[in-house]
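Asks:
Protein chains: 2
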Amino acid sequence: MQRALTIRDIAQIAQVSASTVSRSLNDSPLVAEETKSRVREIAKQGNFSFNATARSLVTRRTGIVGLICPDSFDEYQYSLHLTLLINQIRRRLELDELDLIVKFRYNATGTNSIQNLLNSRKVDALIVINPDITAEELSFIHEHRIPVVFVQAISPHLELENENYVFADHVAGGTIATNHLIRLGHTRIVCFTVDTPEASFHERTDGYRHALRDHDIEIDEELIRVGDGTFEFGYNFVVEHAHRFRGDISAIFSQTDIMALGAIEGLWDSGLRVPQDVAIVSYDDIGFGKDFRPRLSTVHQPRDRLAVAACNRLSRLLSMGERGDRREEDDRLLQQRVQPYLVVRESCGAD
Amino acid sequence: MQRALTIRDIAQIAQVSASTVSRSLNDSPLVAEETKSRVREIAKQGNFSFNATARSLVTRRTGIVGLICPDSFDEYQYSLHLTLLINQIRRRLELDELDLIVKFRYNATGTNSIQNLLNSRKVDALIVINPDITAEELSFIHEHRIPVVFVQAISPHLELENENYVFADHVAGGTIATNHLIRLGHTRIVCFTVDTPEASFHERTDGYRHALRDHDIEIDEELIRVGDGTFEFGYNFVVEHAHRFRGDISAIFSQTDIMALGAIEGLWDSGLRVPQDVAIVSYDDIGFGKDFRPRLSTVHQPRDRLAVAACNRLSRLLSMGERGDRREEDDRLLQQRVQPYLVVRESCGAD
DNA sequence: CGATTGGATACAAACGTTTGCAACATTCGC
DNA sequence: GCGAATGTTGCAAACGTTTGTATCCAATCG
Chain S
12 MQRALTIRDI
22 AQIAQVSAST
32 VSRSLNDSPL
42 VAEETKSRVR
52 EIAKQGNFSF
62 NATARSLVTR
72 RTGIVGLICP
82 DSFDEYQYSL
92 HLTLLINQIR
102 RRLELDELDL
112 IVKFRYNATG
122 TNSIQNLLNS
132 RKVDALIVIN
142 PDITAEELSF
152 IHEHRIPVVF
162 VQAISPHLEL
172 ENENYVFADH
182 VAGGTIATNH
192 LIRLGHTRIV
202 CFTVDTPEAS
212 FHERTDGYRH
222 ALRDHDIEID
232 EELIRVGDGT
242 FEFGYNFVVE
252 HAHRFRGDIS
262 AIFSQTDIMA
272 LGAIEGLWDS
282 GLRVPQDVAI
292 VSYDDIGFGK
302 DFRPRLSTVH
312 QPRDRLAVAA
322 CNRLSRLLSM
332 GERGDRREED
342 DRLLQQRVQP
352 YLVVRESCGA
362 D
Chain G
12 MQRALTIRDI
22 AQIAQVSAST
32 VSRSLNDSPL
42 VAEETKSRVR
52 EIAKQGNFSF
62 NATARSLVTR
72 RTGIVGLICP
82 DSFDEYQYSL
92 HLTLLINQIR
102 RRLELDELDL
112 IVKFRYNATG
122 TNSIQNLLNS
132 RKVDALIVIN
142 PDITAEELSF
152 IHEHRIPVVF
162 VQAISPHLEL
172 ENENYVFADH
182 VAGGTIATNH
192 LIRLGHTRIV
202 CFTVDTPEAS
212 FHERTDGYRH
222 ALRDHDIEID
232 EELIRVGDGT
242 FEFGYNFVVE
252 HAHRFRGDIS
262 AIFSQTDIMA
272 LGAIEGLWDS
282 GLRVPQDVAI
292 VSYDDIGFGK
302 DFRPRLSTVH
312 QPRDRLAVAA
322 CNRLSRLLSM
332 GERGDRREED
342 DRLLQQRVQP
352 YLVVRESCGA
362 D
């Protein structure tokens with residue numbers, strides 16, 4: 012295989028024109044069945060396949076979508092959730108024969124990943140995860156008239172009204188978790204949240220507040236503790252406040268699984284048992300959670316649904332672009348919210 | 012921006028030919044400095060950037076490398092190590108302005124990922140992780156004359172003599188871990204390995220054997236336990252054999268961190284403490300390990316070095332392809348082995 | 001001062017497809 | 001049996017670059 016076969020080579024062998032070969036292999040109705048099958052046969056024999064680059068040049072479609080992900084992807088507490096999410100997206104994209112280029116928000120050469128990707132026209136569409144994006148970049152994207160879907164958390168920086176946005180309902184997640192604990196009889200529930208520009212954690216806290224308010228339980232602001240999402244934080248807090256877990260506080264709503272694992276470890280070291288002495292519900296459902304004893308009761312992040320919804324949205328946009336129309340009903344679907352659900356295991360004390 | 016600017020547009024504005032624009036923007040020595048800067052200025056004003064597709068068509072370079080990864084990437088016990096490895100590779104590739112398309116070994120449409128990728132000529136080179144690859148696929152790759160480097164574990168299916176191969180020395184890793192335990196005075200050391208076609212686990216076991224032999228310690232085959240890499244396995248084994256950890260067995264070499272975490276949990280539930288009663292050294296260094304109490308002493312998988320070595324290798328192959336030469340010295344570097352190292356924390360009882 | 005060099009630029013042919021349009025053959029309706 | 005419709009094919013122009021070769025002009029040399 013010195014030089015790969017081209018449609019012209021096939022054309023010569025089949026004694027037809029290159030256009031007929033192209034049409035045959037693309038199953039155009041313009042060519043006779045008999046010719047089609049003859050051409051196909053020859054192509055198959057010669058192990059022919061299209062040169063994607065040449066094709067892209069004229070169709071203006073590369074068959075690649077770009078995904079921008081936060082640099083925090085490198086840090087392990089985010090890796091699991093994001094990895095799983097991205098893998099789901101990749102799998103879903105396979106169905107449409109689309110490949111995925113993943114880029115970090117900020118790259119090693121100091122140039123802007125988003126601009127690079129769009130300028131080079133390497134991708135047909137963009138998925139932006141946890142969109143920590145400037146207004147400037149947003150308008151840059153729109154100038155390029157390239158389909159874009161934002162996924163996962165709502166960015167407070169972003170005017171989402173006219174954007175395609177698929178996100179999880181973190182308020183509902185916070186409510187579900189807290190309600191569950193309340194139903195089990197807990198009223199003094201400490202809430203571990205995370206200090207980050209991302210809105211998702213604030214929303215989980217809102218959910219916590221809603222649940223308490225709905226049950227006429229006093230909201231003690233002192234019980235809302237802002238951490239950093241790490242094991243250490245959970246561990247340190249419970250060790251430091253161990254005395255309060257004997258009588259005062261009876262449950263924890265931890266907004267990350269990792270902090271919950273830390274808390275469990277810390278409580279243990281303080282002579283307290285989960286769930287017997289303290290009930291815990293956490294958030295994310297990162298897979299490790301079901302291994303440790305006690306197994307974590309946790310709010311499942313609907314990664315699969317996020318992925319599916321985002322990709323469906325994207326497919327739609329891509330095919331809309333092809334036909335150039337834009338129907339009314341689509342506009343109503345611009346924002347799509349997916350619901351998390353509670354996975355009850357052991358740490359809440361109710362199986 | 013109805014239609015993106017082309018070099019012809021720039022040419023017209025600058026009153027030069029398209030080729031001069033191309034050469035100017037590519038900093039060719041064939042064009043006068045003055046013209047160059049004039050053209051550059053105009054390009055900058057107009058926010059011009061090359062159409063990567065058109066460029067690829069003639070240069071036969073896409074600036075994209077493909078990475079084939081095992082489907083087990085989906086399962087969480089592999090995710091962490093692989094995610095980190097792939098992210099490192101991605102970061103390293105940024106330096107060469109190369110983008111990365113990651114594909115699963117088997118894709119949803121049932122077609123062969125490797126063949127797809129190569130046939131379409133979408134990528135300039137291939138990285139194959141944990142190469143569970145058939146001879147047929149291997150020869151397919153070579154027919155395409157595309158640079159390929161295999162990473163991580165050695166595949167028993169693969170004749171690696173003529174392949175570019177970057178792998179970790181798992182024998183050394185097994186030896187290091189076991190030696191450390193021996194040095195701490197342990198002689199009855201149980202070894203958790205994993206049943207998989209991948210050779211890396213067998214190699215770790217070989218390392219374990221070497222270490223014992225070197226110290227004239229009898230190898231008790233019964234102490235080598237074949238598991239599945241999960242938390243459950245570690246947990247169940249120690250619980251079931253708890254009595255033996257009081258007097259007989261005094262240490263564990265676990266070939267995955269996860270199994271070690273399971274064992275720690277199980278020992279605890281059996282009233283045994285790590286490292287006081289049982290010392291543990293594990294393998295992988297997955298990041299979680301440093302959070303849990305006791306913190307894991309573990310053999311660090313040299314992901315960073317694997318990534319760097321693989322990418323360097325790839326860069327080299329790519330630039331060799333450009334110049335078409337192949338020097339002798341390169342052949343000697345075909346296989347590259349990187350060394351793991353021990354991270355001593357708490358679980359081994361020696362800080 | 002004519003021939004020669006060399007630097008700067010332009011021309012045109014690739015790269016491998018897709019696709020609008022024209023061309024041709026065949027069939028149909030009347 | 002003739003014009004129109006229909007079905008099949010080929011021609012050629014795109015798509016936006018790169019790059020080998022030709023051209024032009026000024027400067028240099030003998």
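Top to bottom, those sequences are chains S and G. So for the first sequence, the numbering used here puts the first residue at 12; every next one is plus one. So for the second sequence, the numbering used here puts the first residue at 12; every next one is plus one. Ideal Cβ placement from N, Cα and C applies to all residues, glycine included.
Can you give me the Cβ contacts of R356/G inside the same chain, cut-off strictly under 8 Å, excluding the 5 residues immediately before and after it?
Replies: G300, K301, P305, R306, L307, S308, T309, D362, listed in sequence order.
Asks: Report the residues of the segment 30-58 of chain S with a CB closer than 8 Å to any CB of chain G, ordered along the chain.
Replies: Residues passing the 8 Å Cβ filter: none.
Asks: Counting C-beta neighbours from all protein chains within 10 Å, is the total for E276/G 16 or more, i.e. buried, or is it exposed?
Replies: Its Cβ being crowded by 16 or more others within 10 Å, E276/G is buried.
Asks: Let me know the alpha helix (DSSP H) ranges lying completely inside the segment 199-237 of chain S, each 4 residues or longer, listed in chain order.
Replies: Counting whole runs of 4 or more residues, the segment 199-237 of chain S contains the alpha helix (DSSP H) stretches 210-225.
Asks: For D295/S, which residues does DSSP report across the bridge?
Replies: D295/S pairs with H311/S.
Asks: Just to make sure I have the definition right: I need the residues of chain G whose C-beta is within less than 7 Å of the C-beta of R306/S. Which are they?
Replies: The contacting residues do not exist; R306/S stays about 11 Å from chain G at best.
Asks: Listed from N- to C-terminal order along the chain, which residues in the segment 232-247 of chain S have their beta-carbon within a distance smaller than 9 Å of any beta-carbon of chain G?
Replies: The residues in question are T241, F242, E243, Y246.
Asks: With a threshold of 8 Å on Cβ separation, who are the neighbours of R236/G within its own chain once the five nearest residues in sequence on each side are excluded?
Replies: Counting only Cβ-Cβ distances below 8 Å, and skipping sequence neighbours, we find V201, C202, F203, T204, F248.
Asks: In terms of residue numbering, what span does the alpha helix (DSSP H) encompassing F248/G cover?
Replies: Its alpha helix (DSSP H) spans residues 242-251.
Asks: My guess is that T216/G and G185/G are in contact by the Cβ rule of under 8 Å, so how many angstroms apart are they, rounded?
Replies: Right, their Cβ atoms sit about 6 Å apart.
Asks: Does the Cβ of Q350/S have 16 or more other Cβ atoms within 10 Å, making it buried, or fewer, making it exposed?
Replies: With fewer than 16 other Cβ atoms within 10 Å, it is exposed.
Asks: How many angstroms separate the CA atom of T198/G from the CA atom of S261/G?
Replies: Roughly 8 Å separates the two Cα atoms.
Asks: Between G258/G, I291/G, L137/G, A320/G, which lies nearest to A191/G when the distance is taken from Cα to Cα?
Replies: In the sequence under discussion, the amino acid at residue 191/G is His, which differs from the Ala named in the question. Nearest option by C-alpha distance: I291/G.
Asks: Give the straight-line distance between the Cα atoms of I24/S and N130/G, rounded to the nearest whole angstrom.
Replies: For I24/S and N130/G, the distance between alpha carbons rounds to 21 Å.
Asks: In the DSSP assignment, what residue or residues form a beta bridge with D110/S?
Replies: Bridge partners of D110/S: I75/S.
Asks: Specify, as a first and last residue, the run of the beta strand (DSSP E) that F178/G falls within.
Replies: Counting along the chain, the beta strand (DSSP E) containing F178/G begins and ends at 175-179.
Asks: For the beta strand (DSSP E) holding F151/S, just list the boundary residues, first then last.
Replies: That residue, F151/S, is in no beta strand (DSSP E); its alpha helix (DSSP H) goes 146-154.
Asks: Is the CB-CB distance between L36/S and V76/S below 8 Å?
Replies: Their beta carbons are not under 8 Å apart, which means L36/S does not touch V76/S by this criterion.
Asks: Output, in chain order, the set of chain S residues within a Cβ distance shorter than 8 Å of G273/G.
Replies: Simply D302.
Asks: Which residue's Cα is closest to the Cα of F303/S: A274/S, D239/S, N175/S, A318/S?
Replies: The residue with the shortest Cα to Cα distance from F303/S is A274/S.
Asks: By a C-beta neighbour count over all protein chains shown, 10 Å radius and 16 as the cutoff for buried, is V69/S buried or exposed?
Replies: Exposed, since its Cβ has fewer than 16 Cβ neighbours within 10 Å.
Asks: Within 10 angstroms of the Cβ of H426/S, are there 16 or more other Cβ atoms? Answer buried if so, exposed if not.
Replies: Beyond the ends of chain S as shown, which are 12 and 362, falls residue 426/S; an answer cannot be given.
Asks: Alpha carbons only, please: which of S265/G, G258/G, D280/G is nearest the one belonging to D296/G?
Replies: Nearest of S265/G, G258/G, D280/G to D296/G, Cα basis: S265/G.
Asks: Return the CA-CA distance between L91/G and I269/S, expressed in angstroms with no decimal places.
Replies: C-alpha separation (whole angstroms): 15 Å.
Asks: Express the C-alpha separation of V177/S and C348/S in angstroms, rounding to a whole number.
Replies: Residue 348/S is actually Arg in this sequence, not Cys. Their Cα atoms are separated by approximately 6 Å.
Asks: Under 8 Å between the Cβ atoms of I79/G and L16/G?
Replies: Result no, Cβ atoms of I79/G and L16/G do not sit closer than 8 Å.
Asks: For the pair the segment 153-161 of chain S and the segment 114-134 of chain G, tell me if three or more CB-CB distances fall below 8 Å.
Replies: The segment 153-161 of chain S, when compared against the segment 114-134 of chain G, does not touch it at the 8 Å Cβ threshold.
Asks: Given 8 Å as the limit, is there contact between the segment 94-112 of chain S and the segment 27-45 of chain G, that is, 3 or more CB pairs closer than that?
Replies: They do not touch, by the three-pair rule.
Asks: In this structure, what does DSSP give as the bridge partners for C371/S?
Replies: The requested residue 371/S does not occur in the structure, where chain S is confined to residues 12 to 362.
Asks: Just the Cα atoms here: how many angstroms apart are V289/S and G245/S?
Replies: For V289/S and G245/S, the distance between alpha carbons rounds to 13 Å.
Asks: Is it right to say L128/G is buried, meaning 16 or more other beta carbons lie within 10 angstroms of its own, or is it exposed?
Replies: The residue in question, L128/G, is buried, as its Cβ has 16 or more Cβ neighbours within 10 Å.
Asks: Closest by CA to V159/S, which one among A119/S, V354/S, R327/S?
Replies: Selected option, being the one with the closest Cα: R327/S.
Asks: Under the rule that 16 or more other beta-carbon atoms within 10 Å means buried, what is N58/S, buried or exposed?
Replies: Exposed, since its Cβ has fewer than 16 Cβ neighbours within 10 Å.
Asks: Can you name the residues of chain S whose CB is closer than 8 Å to the CB of R113/G?
Replies: The residue you asked about is not Arg; residue 113/G is Val in the sequence shown. R101, L111, V113, listed in chain order.
Asks: Rounded to whole angstroms, what's the CA-CA distance from N175/G to R324/G? Just pull it up for me.
Replies: N175/G and R324/G: Cα-Cα distance of roughly 8 Å.
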